[in-house]
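Peer 1: Got a structure for you, questions after.
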Amino acid sequence: MCKVLGIARSEYYYQINKKKNRYKEANEKLDKEIKEEYEKSKGRYGSPKIQKILEKIGIRASQKKNSKKNERNGIKVNYSKKV
Numbered sequence: 073m074c075k076v077l078g079i080a081r082s083e084y085y086y087q088i089n090k091k092k093n094r095y096k097e098a099n100e101k102l103d104k105e106i107k108e109e110y111e112k113s114k115g116r117y118g119s120p121k122i123q124k125i126l127e128k129i130g131i132r133a134s135q136k137k138n139s140k141k142n143e144r145n146g147i148k149v150n151y152s153k154k155v
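Be aware that the sequence shown starts at 73, since it is given in the numbering used here, and climbs by one per residue.
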């Protein structure tokens, strides 16, 4: 079968036995939680407040990581300046 597909036998068995990447799953879950908290706050909470909320839920992530994920996902805080 490997000859027909044109791949090495070792590659075939590697793909069959490959484990899921737990970091990828954790990052996807973190992205989902950050978006949920951002939407709950109507776009008012930034990375410091979201980090505190996530800690209460039981998800550990630094403020810097939250901030980077916000930038990648296009999340920007809506705020108004005091006059």
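Heads up, the beta-carbon is just placed ideally off N, CA and C, and yes, glycines get one too.
Write down the C-beta distance between S139 and S119 rounded to the nearest angstrom, noting that I regard them as a contact closer than 8 angstroms.
Peer 2: For a cut-off of 8 angstroms, the C-beta gap from S139 to S119 is around 4 angstroms, short enough to register as a contact.
Peer 1: When you compare the CB positions of Y95 and I147, do they come within less than 8 angstroms of one another, or not?
Peer 2: No, they are not a contact pair.
Peer 1: Looking only at its own chain, which residues have a Cβ that is under 8 angstroms from the Cβ of R116, when we skip the five neighbours before and after it?
Peer 2: V149, N150 and Y151
Peer 1: According to the neighbour-count rule (16 or more other Cβ atoms, all chains shown, within 10 Å of its Cβ), is K122 buried or exposed?
Peer 2: Looking at the sequence shown, residue 122 is not Lys but Ile. So I122 ends up on the buried side.
Peer 1: Return the CA-CA distance between K75 and Y84, expressed in angstroms with no decimal places.
Peer 2: Spanning the two alpha carbons is a distance of roughly 11 angstroms.
Peer 1: Which residue comes first and which comes last in the alpha helix (DSSP H) that contains V76?
Peer 2: Membership of V76 in the alpha helix (DSSP H) is indicated by the continuous run C74 to L77.
Peer 1: Taking only three categories from DSSP, how would you classify K104?
Peer 2: helix
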